[in-house]
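Novice: Encoded as structure tokens, here's the structure I'll be asking about.
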Amino acid sequence: MSRKIVTDINEVPTEVIETDLLIIGGGNAGCFSAIEAKKVDPNLRVAVMEKAHISRSGATAAGMDAINTYIPEGKTPEDLVRWSRSQVGGGPIREDLALSNARELNEAVEDLESWGLPILRDEDGNPKYRGKWDISIHGEQLKPIMAEKAIQSGADIYNRVTATSLLMDGDRCVGATGFGIRDGKFYVFRAKATIVSTGGACGLYKSYTSDATSSHHQTWMNPFNVGSGYAIGIRQGAEMTSLEQRWVATRTKDHCGPVDTISVGYKSSIINAKGERILEKHYSHLGGDKAPRYIRANAPMEEWLAGRGPTYADTTDLSPEDAKDLKTDYLNERPSFVLFLASRGQDITKEPIEIYGSDPYLVGGHCQSGYWVDIERMTTIPGLFSAGESAGGTPNKFVGGCATEGKLATRGAIKYMASVSLPDLDSGQVAKEKERVFAPLLRGPEFDGVSPLEMEERMQRLMDEYAGGISQFYRTNEERLDYALKHLKMMESQTQYLYAKDLHDLMSAHEVLDRLVVAEVLVNHLKFRKETRWPGWQTRSDYPELDPNFDCFVESRLNKATGEVEMFTRPYEQVVPGDRYKA
Amino acid sequence: MPPRVDREKCDGCNAQQEPLCEQVCPGDLMALGEDKKAYCRSRRDCWDCMSCTKICPVGAIETRMPYQLGYHVAKLIPMMGTDSITWTCIDINGNVERFRYKNRIEPE
Amino acid sequence: MEKVVPKIGLFLCVQGGRLSRTIDVNAMAGKFAKAKNVVRCEVVNDVWDPPFLDSIKKDVESSNIDRIMWVGRFTQHQIKHIEGELAATGLNVYLHEWCDLEEQGIGIEGTDPAVLKRKAESLVQMSLARTRLLVPLAPVELPASDALLIIGAGVAGIHTAATLVGLGKRVHLVEKQSGVGGKVALLSRFYPRLCDPHCGLQFALDKLLRSDLVEFHTLSDVVSLEGGPGNFEARIKKRPRYVNEQRCNACGACTAVCPVDAPASLALTGESSAGPVVSGAIGDLLQPKQKAVHAAIPMAFPSAFVVDRDLCPPGCNECEKKCPAQAVDLNQSEEDQILRVGAVLVTTGWDPYPLSRVSEFGYQRYPRIISNLEMEQLLGADRLGLGSHPELSSADLKEIGFVQCAGSRDERHLPYCSSVCCSVTLKQAVHLKETNPETNCYVFYIDVRSPGFDEDLYRRARNLGVVFNRELPSRVISNPVTGKLELQVIDPALNAPMEVNLDLLVLAGGMTPAQGTSDIAQVLNLPQNSYGFFESHYQCHPEESQRTGIYVAGCAREPMKVSHAIESGHLAAMKALSFLEGSILIEPTYPVVDKAKCDQCKRCMESCPFSSFVFDEKGFPIPDLARCRQCGNCMGLCPLNAVSLGHNTIKQMAAKVGAINPSFMGDKEPTVLAFLCQNDAYKAAREAVDKGLPVPPNVILIKVPCAGSVNNALVADALSNGIDGVLVGGCQDGQCHYVKGNQLVQKRSADLGDKLKSMMIDPSRVRFATLEIRDASKYVDLMQSYIAELRVMGPNPFKI
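Protein chains in written order, with this note's numbering: chain A, 5 to 587; chain V, 218 to 325; chain R, -10 to 789.
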């Protein structure tokens, strides 16, 4: 029970589990990883560490209304890569990864349908495309369907166990440690290969609706994905890529729900307070309504700044049937939006839906921020693989792409583990990590220190104001970034004062600790890219223009010895021929 | 967004160690109180995925919009079938809108 | 798992044109011949025409058809016959779907043909949807023990054991006392023949002695019971006898040297009137002194002696030293044993109600007031080897009174009647009068209950001059000088009080469940009724408890006379025989838990009326196949739809519900889906149609094993499909074949009703109704008023 109070580290039981493949994060990619592993080799021992309960954990908790990438008849995987590249301003992206993903994408989506996911089809049986690549689904049961398949496959699911660090043997990863949020145990997973699929990082920045009584987690992405997967790798010196490419998109104002449904699905234009169609008016040179995502994301914010807000997705020309279909879509992905509209008595055919930006997130499945991985999906730490939104280099993966990544990472992991034998358990390492993990709980609720909530609020406001959060319309500059780094480091020196009153609080404490690590690396990335390549996602007021010298990947690595974050670049390699900037 | 638990209806899932809402919440926000009924330990942290609302076998949980976002009071009520779901939405002016669709198919 | 593409043979069986009276069967056949997965579809005029069945057999054998849907009116016998014949050609009996259109009202003339057509098509679609999902199933054979555990070696236990070993079954008799016989061993005489109870007991014991199949476990208690029918594992704790049973030859040398002279233990009778209150010879008879080492009690069987160790003076081991067979072992300790048995029979009997609580009659307050059980001891005194007792036949015990219903039929004590006390008193009075004609016996009563042939006993008593007074004494006191009793009682004939002086007053007290019944109930997880007796199923299955494989018989179940207790034990044993066969065959319609969906909330385990669920190695609840009674309540209440009955899965039921055309009545009339329990409600509905009652055509029925097997998700499916009303028909409280299925579904329906209300849907669209097996008219009235209400409510808002 969450209320257990522990006063002595020796009271905390340790459970050691030996497995072949460890999957950290039982979400979309994680489930597919588990299923694929058992399909390839039913005798493989597979363990999944899941912070919540696999039936509804992760980004797809409420469901999904669309699978945003599914290659239609007549199009090729190369076409998809070209489109993806153009959506991020021509890249640079990891075209090798994107192509290998695109080749298996459709099969992963068809798997989902064969497991019971309703894909909407027309009378001829063809999937209904709502956009160029997006197909409509009724995905309210998407997560339970994947979870059931993962359980059926025979993988061992450890629900309510959160990962706190990787288990290392020298420089290679041989598993992970964590703790049980319900049972209060310390878990040690010894694994020949480990896949991190914990999703992205939400809550590094303050959400603009967050206040004392409510709406702290009024975010587009799942606020319980905090970037722990990134943090555990970063701490062991893993190389991360493109963290500065933060995911910012237009969202329903205040409610912060998805808007692609409306703008792509129902072709509603984005208008300002004057009723002008802003993408056509100001961004036709960049493609108008088909402009890159970050342009479409930033446009409404620019209108606000210019005094022409509020901004809307114009739904007033929708027929009542379309309006109902639109709401049905929302019910499948973010049902509370329908409740939100009802709480305002809003008829969207009469009043358009107000839109705005959101706080920035790190999401390697929409943008490309995450682990640098090779073609086998292995990170720069041998034995550690990454899939889904934790893996970097390829934007526009979405549900289908992350599912495919899960399969690819598993195949890479299985290949790798063929030559691996596990070392003896390093009890010193385990003991040290156990102390670190339970320290806040052992300090107890009466400790004169800092609560996880206090530290989280400080960090979120710091990031918002200094590292390009929404209150700053995503703008930042060198001095502010330095300020952010300075204060992040101060907080890191103060984590010794964190206390937790129960296991849920201990989870919150570690969420803050992990977010701090990610935030620090993120700020370093923002500092390093001295240009503005993707306005909104990454806006430098002091370097407002694009600089061709930065037509490359920005990489980071924590130097474990010095504790400093080292920044460097990697060159872009074009694999799919054609004009980078055109779909 | 935060879940409201009807204390009359809630039976704490027969005071099991983990009631269903606590089992399913992706944010670990639902818990069993001293009175053996479920409650949300931090309503501002809810992401309104509505998993708790859907799963409660006695229908004791209701999702609400916080006043910061929407006015008093609208309702969105899911009813789970075996392979379909219905939603009934009642806005603050009493207008009722109903939705239903299949959420699982038996593949060919 | 390979996906099987179904190949359905669909046969519309008109049997002389009944169906074709109201629907165009040829058009229907034409339509469904084109349905998905249907490979053969035709109208059949005579199912019994041999070429027809032969053609099906050929199709089955050549794998053209892998399942069959029968549309038509068939009796249960006919269904069994056809399934059996086709099973011989290899078609699994679970690959048939039987769709009776007539029971759903098709065939009733006078209904709009368009409505009948749409309804008939819906019904065929429903069955077709289910047929596609059928899978072949086979019964499961579980190896089982052939031993019966009998708890309580009293008259019921012993006689039943004797019969069973005669049938070749092994029996373990567990008895808490050191000897067998229970209460009957304490009795003096049986009525009506006034014969010696030990005779019958000994007869049965002799049979047992000659058999190798029985094991006695005296001084033993059952401390735990694991497993299920066919495979129970009982742990027995045996208290030390301190005598080696093999060596002891019951010579009595030990008793002779035992220095102890203590009052007899009350273990046999619970309470005693003896001690400081009833003294003298009577006291000696009622509570004779005992030694620490003595013969087994109540009957000296097993023959080995026993030592009441707590009576031994410290350090004394005279008996051990003196025993010529070296059979005494004062260092014996407790023993544990595990018994593997197929079934358990509980015959733990009764104990007398503590008469000290019935203060108005002075038991334990005044001398010379005893209980009816103690009277048995007195009357049997000459057999107890205590010598002759002149007082019994002297003038000192001449006036003897009996008070009936002492502490019975009384809200303050036992509200029920123990059924035997009147006959016992009559027997005692008759015995007294026959052996000592000078005795005067007075029976004070409210009613004399001597049912059946016991009326004879009453006549005998009257003829012998026993005085019957139809009033209970209002006052009982003891004369301090004479020590005799003075009673005040109304003479109803004179309607005036009179005083009666008595030498002895016998209180005819009632029976309560034996001491330790609650402990056994806990160990075996058996529910008790409000009086503490083990719950059973009364009329139809009196010996059955709510735990499959555990039977209760005799006075452990309710007060009864000896012959009934013996019969009761035998009835229970007959039922138990099905679990003593060496293997058990389980029909494949048991519940299966989908572990990919189950999140171990354990609702099924908590609510199963028969406590049939156990945990598997991973902590998932699974049914013990032998305990489970396949009622489907688990399927009904699982909030995640994770449980399905074999051959009646959630998906199959959902497919049926989803296939209904919600507007089959046209756009003016409401449609109703009724889930009716197969034991009662469904039969009432069927009878209504068969009797030609005006059953409204708006209703489509689905038969279910128990009302409690209907999951709310199916009701939600029906409503979301646009059906206007959903009714669940089941049994009244106390009548549900599965104890509480009706209650479970009513609670769920109420919760769903609340949700509907919040959704601005009239909650009474969904309702529960109770129907007994012949409530055909009630069914019609119920449906008519329900449909009238639905008309007023208007169509279901989810109807497209």
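By construction, the Cβ of each residue, glycine as well, lies at the ideal position given by its N, Cα and C atoms. Nothing here was measured: the structure is a model prediction, and the numbers come from that model.
Roughly how many angstroms separate the alpha carbons of GLY374 (chain R) and SER525 (chain R), rounded to a whole number?
Specialist: Its pLDDT being 46, under 50, GLY374 (chain R) is placed unreliably in this model, and the value from its coordinates should be taken loosely. For GLY374 (chain R) and SER525 (chain R), the distance between alpha carbons rounds to 41 Å.
Novice: Assuming LEU798 (chain R) contacts LEU126 (chain R) (C-beta within less than 8 Å), just tell me the rounded distance between them.
Specialist: In this structure chain R extends from -10 to 789, so residue 798 (chain R) is not present and cannot be described.
Novice: Excluding the 5 residues preceding and the 5 following GLU1 (chain A) in the sequence, name in chain order all residues of the same chain whose CB lies nearer than 6 Å to its CB.
Specialist: Outside the displayed range of chain A (5 to 587) lies residue 1 (chain A), so it cannot be described from this structure.
Novice: Fully enclosed by the region 692 to 776 of chain R, which beta strand (DSSP E) runs are 3 residues long or longer?
Specialist: Complete beta strand (DSSP E) runs here, min 3: 714 to 719, 755 to 759.
Novice: Return the Cβ separation of LEU429 (chain A) and ARG194 (chain A) in integer angstroms, given the expectation that the two are a contact with Cβ distance under 8 Å.
Specialist: Yes, they are in contact, since the Cβ atoms of LEU429 (chain A) and ARG194 (chain A) sit about 6 Å apart, within 8 Å.
Novice: Considering only their Cβ atoms, is the gap separating SER439 (chain R) from TYR447 (chain R) smaller than 8 Å?
Specialist: Yes; because the gap between Cβ atoms is below 8 Å, this pair is in contact.
Novice: Confirm, please, whether the CB-CB distance from VAL781 (chain R) to VAL704 (chain R) is below 8 Å.
Specialist: Taking 8 Å as the Cβ cut-off, VAL704 (chain R) and VAL781 (chain R) do not qualify as a contacting pair.
Novice: Taking the alpha carbon of ASN163 (chain A) as the reference point, which residue from A:ALA417, A:ILE185, A:GLY203 has its own alpha carbon closest?
Specialist: Per the Cα distances, A:ILE185.
Novice: Taking Cβ positions, are VAL678 (chain R) and GLU86 (chain R) nearer each other than 8 Å?
Specialist: No, they are not a contact pair.
Novice: On the DSSP bridge list, what partners appear for THR600 (chain A)?
Specialist: Residue 600 (chain A) falls outside the range modelled here, since chain A spans only 5 to 587, and no answer is possible.
Novice: Closest to VAL541 (chain R) by CA distance: which of R:VAL551, R:SER519, R:ALA565, R:ASP55 is it?
Specialist: Of R:VAL551, R:SER519, R:ALA565, R:ASP55, the residue nearest in Cα terms is R:ALA565.
Novice: What distance in whole Å lies between the Cβ atoms of SER394 (chain A) and VAL200 (chain A), which are believed to be in contact at a cut-off of 8 Å?
Specialist: Confirmed, about 5 Å.
Novice: For ASP743 (chain R), which residues of its own chain have a beta-carbon under 8 Å away from its beta-carbon, when the five flanking residues on both sides are left out?
Specialist: These residues qualify, in order along the chain: PRO752.
Novice: Beta-carbon separation of ALA167 (chain A) and GLY387 (chain A) under 8 Å?
Specialist: No, the Cβ-Cβ distance between ALA167 (chain A) and GLY387 (chain A) is not below 8 Å.
Novice: For a quick check, are the C-beta atoms of ARG178 (chain R) and LEU368 (chain R) less than 8 Å apart?
Specialist: A contact, by the Cβ cut-off of 8 Å.
Novice: Can you give the Cα-Cα distance for MET549 (chain R) and GLU533 (chain R), rounded to whole angstroms?
Specialist: Rounded to whole angstroms, MET549 (chain R) to GLU533 (chain R) spans 17 Å at the Cα level.
Novice: Relative to the alpha-carbon of ARG224 (chain V), which residue among V:GLN240, V:SER268, V:LYS254 has its alpha-carbon at the smallest distance?
Specialist: Measuring from the Cα of ARG224 (chain V), the nearest candidate turns out to be V:LYS254.
Novice: Residues in the same chain with beta-carbon distance under 8 Å from THR11 (chain A), minus the five sequence neighbours each way, listed in chain order, please.
Specialist: Same-chain partners within the cutoff: LEU446, GLY448.
Novice: Would you say LYS586 (chain R) lies against chain A (beta-carbon separation less than 8 Å)?
Specialist: Yes, its Cβ sits closer than 8 Å to a Cβ of chain A.
Novice: In terms of alpha-carbon separation, which member of R:ARG354, R:LEU494, R:GLU595 lies closest to THR414 (chain R)?
Specialist: Among R:ARG354, R:LEU494, R:GLU595, the Cα nearest to that of THR414 (chain R) belongs to R:LEU494.
Novice: With DSSP as the reference, identify every bridge partner of TYR162 (chain A), one or two as the case may be.
Specialist: A:MET53, per the DSSP bridge assignment.
Novice: Pick out whichever of A:GLY368, A:GLN433, A:LEU322 has its Cα sitting closest to the Cα of ASP351 (chain A).
Specialist: Looking at the Cα atoms, A:LEU322 is the closest of the given residues.
Novice: To the nearest whole angstrom, what separates the beta carbons of GLN667 (chain R) and LYS645 (chain R), a pair I think is in contact under 8 Å?
Specialist: 15 Å between Cβ atoms; not a contact.
Novice: How would you label HIS289 (chain A), buried or exposed, when you count the other beta carbons within 10 angstroms and need 16 or more for buried?
Specialist: The residue in question, HIS289 (chain A), is exposed, as its Cβ has fewer than 16 Cβ neighbours within 10 Å.
Novice: Using beta carbons (cut-off 8 Å, strictly below), is SER219 (chain A) in contact with chain V?
Specialist: Yes, its Cβ sits closer than 8 Å to a Cβ of chain V.
Novice: Is any beta-carbon of chain V found at less than 8 Å from that of PHE609 (chain R)?
Specialist: Closer than 8 Å: no.
Novice: Along chain R, in chain order, which residues have C-beta atoms closer than 7 Å to that of GLU152 (chain A)?
Specialist: Those within 7 Å of GLU152 (chain A) in chain R are ALA585, LYS586.
Novice: So for TYR671 (chain R), helix, strand or coil by DSSP?
Specialist: Three-state DSSP puts TYR671 (chain R) in a helix.
Novice: CA-CA distance, TYR420 (chain A) and ALA41 (chain A)?
Specialist: The straight-line gap from Cα to Cα measures roughly 13 Å.
Novice: Establish whether the CB of SER273 (chain A) and some CB of chain R are separated by less than 8 Å.
Specialist: For SER273 (chain A), the answer is no, since every Cβ of chain R falls outside 8 Å of its Cβ.
Novice: Candidates R:VAL169, R:PRO694, R:GLY171: which alpha carbon is nearest GLY625 (chain R)'s?
Specialist: Closest option to GLY625 (chain R), Cα to Cα, is R:PRO694.
Novice: Within 8 Å (strictly less), CB to CB, does PRO265 (chain R) reach chain A?
Specialist: A caution first: PRO265 (chain R) carries a pLDDT of 49, below 50, which makes its placement in the model unreliable, though a value can still be read off. PRO265 (chain R) does not count as touching chain A.
Novice: Scan the region 405 to 458 of chain R and note each continuous beta strand (DSSP E) run of 3 residues or more that stays entirely inside, going in chain order.
Specialist: Listed in chain order, they are 429 to 433, 456 to 458.
Novice: Name the chain V residues that come within less than 9 Å of ILE639 (chain R), Cβ to Cβ?
Specialist: Chain V residues near ILE639 (chain R): THR299.
Novice: To the nearest angstrom, how far is the alpha carbon of ASN110 (chain A) from that of ILE266 (chain A)?
Specialist: Near 24 Å, if we compare the C-alpha coordinates of ILE266 (chain A) and ASN110 (chain A).
Novice: Quick one: complete alpha helix (DSSP H) runs, 4+ long, within the region 194 to 224 of chain A?
Specialist: Segments of the alpha helix (DSSP H) lying fully in the region 194 to 224 of chain A: there are none.
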